[in-house]
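Shown next, in structure tokens, is the structure this report addresses.
In the UniProt record's numbering, the protein residues as written are 1 to 99.
So this is what it looks like as structure tokens:
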């Protein structure tokens, strides 16, 4: 087998193993981050709604009329999307990979 073919195959094998390692690392960190972020945002949203509904009944009725619970849900969804997009566009994954 020619030496240049062996060099090309060796280079391709090194690139593939490096790429597979980076992809697996990114997927694992992304899953853990998303799961933790989702649990945290859900618990904070539940806590906010719990405190809002603990107000006197007159305030709760007004909050129901203006759909404040829907507003809080939309707000926390926007915060979640912002954090996910920030995580996708940051370069923290590339800094963790050892070359």
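Where a beta carbon is used, it is the ideal one built from N, C-alpha and C, also for glycine.
Cα separation between residue 46 and residue 78?
Working through the chain shown from its first residue, we reach residue 46 at position 46. Working through the chain shown from its first residue, we reach residue 78 at position 78. Roughly 16 Å between the two C-alpha positions.
Helix, strand or coil: which one does DSSP assign to residue 66?
For the purposes of this step, residue 66 is identified with residue 66 of the chain shown, where counting begins at 1. Three-state DSSP puts residue 66 in coil, outside helix and strand.
Would you say residue 78 faces chain C, with C-beta separation under 8 Å as the test?
Any reference to chain C falls outside this structure, which holds one protein chain only.
Could you check how far apart the C-beta atoms of residue 83 and residue 49 are, in whole angstroms? I think they sit under 8 Å.
Indexing the chain shown from 1 puts residue 83 at position 83. Indexing the chain shown from 1 puts residue 49 at position 49. The pair is not a contact, with the Cβ atoms about 20 Å apart (cut-off 8 Å).
Cα separation between residue 8 and residue 22?
Taking the first residue of the chain shown as position 1, residue 8 is located at position 8. Taking the first residue of the chain shown as position 1, residue 22 is located at position 22. One C-alpha to the other measures close to 21 Å.
Going by DSSP in three states, residue 39 sits in which element: helix, strand or coil?
As a first step, residue 39 is located in the chain shown; it is residue number 39 there, counting from the start. In the structure shown, residue 39 sits in a helix (DSSP, three-state: H, G or I).
Quick check: the Cα distance between residue 3 and residue 11, rounded to an integer number of angstroms?
On the chain shown, residue 3 is found 3 positions in, with the first residue counted as 1. On the chain shown, residue 11 is found 11 positions in, with the first residue counted as 1. C-alpha separation (whole angstroms): 12 Å.
Is the beta carbon of residue 73 closer than 8 Å to that of residue 41?
By 1-based counting over the chain shown, the position of residue 41 is 41. By 1-based counting over the chain shown, the position of residue 73 is 73. Against a cut-off of 8 Å, the Cβ pair of residue 73 and residue 41 comes out as no contact.
Rounded to a whole number of angstroms, what is the C-alpha to C-alpha distance between residue 57 and residue 71?
As a first step, residue 57 is located in the chain shown; it is residue number 57 there, counting from the start. As a first step, residue 71 is located in the chain shown; it is residue number 71 there, counting from the start. If you take the alpha carbons of residue 57 and residue 71, they lie about 19 Å apart.
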